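Asker: Let me begin by handing over the structure; questions about it come next.
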Amino acid sequence: MSDASASDAPSDAPMQRAIAAVRAQTRATPQVALILGSGLGDLADDAENATTIPATDVPGYPPSTVSGHHGRLVVGTLEGVDVVFVQGRVHYYEGYPLHRVTFPVRLVHALGAERLLVTNSAGGINRTFEPGTLMFITDHINGVFNSPLVGRAAPPRVEPHGAQAPYYDPDWTARAQAVARAQGLPTRAGTYIWTKGPSYETKAEIRAFTQMGADAVGMSTVPEVIQARQLGMSVLGLSTITNPAAGLGAEPLDHDDVLAVGQRVRAHLAQLVRGILRETI
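So for the sequence shown, the working numbering puts the first residue at 425; every next one is plus one.
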């Protein structure tokens, strides 16, 4: 590498400061990182031997500005598995550049997590997905056409891009689906499309997304998954369908309604996540 290119590479000093701040409070090494969407954040409160670290205590950590998102790390154990919860994600629409949106992913990986379980709330594009449906994400569409890896000096993906290296671990997904069946919990599987937000989609956009093959739409997750896969992490994605996508329902969409449906299915979702940790890790 030339001197010029070396000087252009981003320093890892901010990450080292963040790691040091976390290690000053806990020496635990998590196996699994969980990024929790609306309606599931309270699961972190059930972690045993937990250490809670506010985002404000971690240098470089972007604070969440969205109602219902706490903005902190919770390190502990759940169902006998060493975990770290990212409680309160940040979104691209909050004004952060994507490399900051995915800062928590890089941090939990640096702490030792090799698996990422990511949840979100999403609008249902597939008309058979009623509000309250739990959908395993089997693929995604990057509707923003942007990536947290753009402009960053980063090693290539551990595995080649394409069918040989899907973003969502098919084996982990299949085992998680088996857990859901054993619990008598109906789930679906489908493709999630990421939009920037913060505005909801137009009717024309939803028609286009339908033609593209999307089953659900939301404003998160894809940047985190891209970052996680670049780091070689295994990923399991799970969406709660909280409402029909814009233009498909009779009433205008409201964030409070999204939170309300998330709260309604929280117990089932928490039960499923616990079972996934217990049976598949």
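Beta carbons: idealized from backbone N, C-alpha and C, even for Gly.
From a predicted model like this one, the values you see are computed outputs, not experimental measurements.
If you draw a straight line from the alpha carbon of Thr645 to that of Pro478, how long is it in whole angstroms?
Answerer: Taking the straight line from one Cα to the other gives about 21 angstroms.
Asker: Below 8 angstroms on the Cβ atoms is my guess for Asp639 versus Gly614; work out the distance and round it to an integer in Å.
Answerer: So it is a contact: roughly 3 angstroms between Cβ atoms.
Asker: Under the rule that 16 or more other beta-carbon atoms within 10 Å means buried, what is Ser623, buried or exposed?
Answerer: Ser623 comes out exposed.
Asker: Which whole-angstrom value describes the C-beta separation of Ala546 and Ile665, a residue pair presumed to lie in contact below a C-beta threshold of 8 angstroms?
Answerer: Rounded, the Cβ-Cβ distance is 6 angstroms, consistent with contact.
Asker: At the level of alpha carbons, what is the spacing between Glu518 and Thr480?
Answerer: Straight-line Cα distance between these residues: approximately 17 angstroms.
Asker: Going straight from the alpha carbon of Arg513 to that of Leu460, what length do you get?
Answerer: The straight-line gap from Cα to Cα measures roughly 7 angstroms.
Asker: Cα-Cα, which of Val508, Arg551, Leu609, Ile549 is closest to Ala534?
Answerer: When only C-alpha atoms are compared, the closest one is Val508.
Asker: Can you tell me which of His692, Asn473, Ala598, Ile705 puts its alpha carbon nearest to the alpha carbon of Gly608?
Answerer: For the residues His692, Asn473, Ala598, Ile705, the minimum Cα distance to Gly608 belongs to His692.
Asker: Would you kindly work out how many angstroms separate the C-alpha atoms of Leu522 and Ser571, rounded to a whole number?
Answerer: Their Cα atoms are separated by approximately 7 angstroms.
Asker: Entirely within the stretch 477-519 and at least 3 residues each: give me those beta strand (DSSP E) ranges in chain order.
Answerer: Runs found: 496-502, 505-511.
Asker: Within 10 angstroms of its Cβ, does Pro610 collect 16 or more other Cβ (buried), or is it exposed?
Answerer: Its Cβ having fewer than 16 others within 10 Å, Pro610 is exposed.
Asker: In three-state terms, what does DSSP make of Arg539?
Answerer: If DSSP states are grouped into helix, strand and coil, Arg539 belongs with the strands.
Asker: Rounded to a whole number of angstroms, what is the C-alpha to C-alpha distance between Arg690 and Ala468?
Answerer: Spanning the two alpha carbons is a distance of roughly 12 angstroms.
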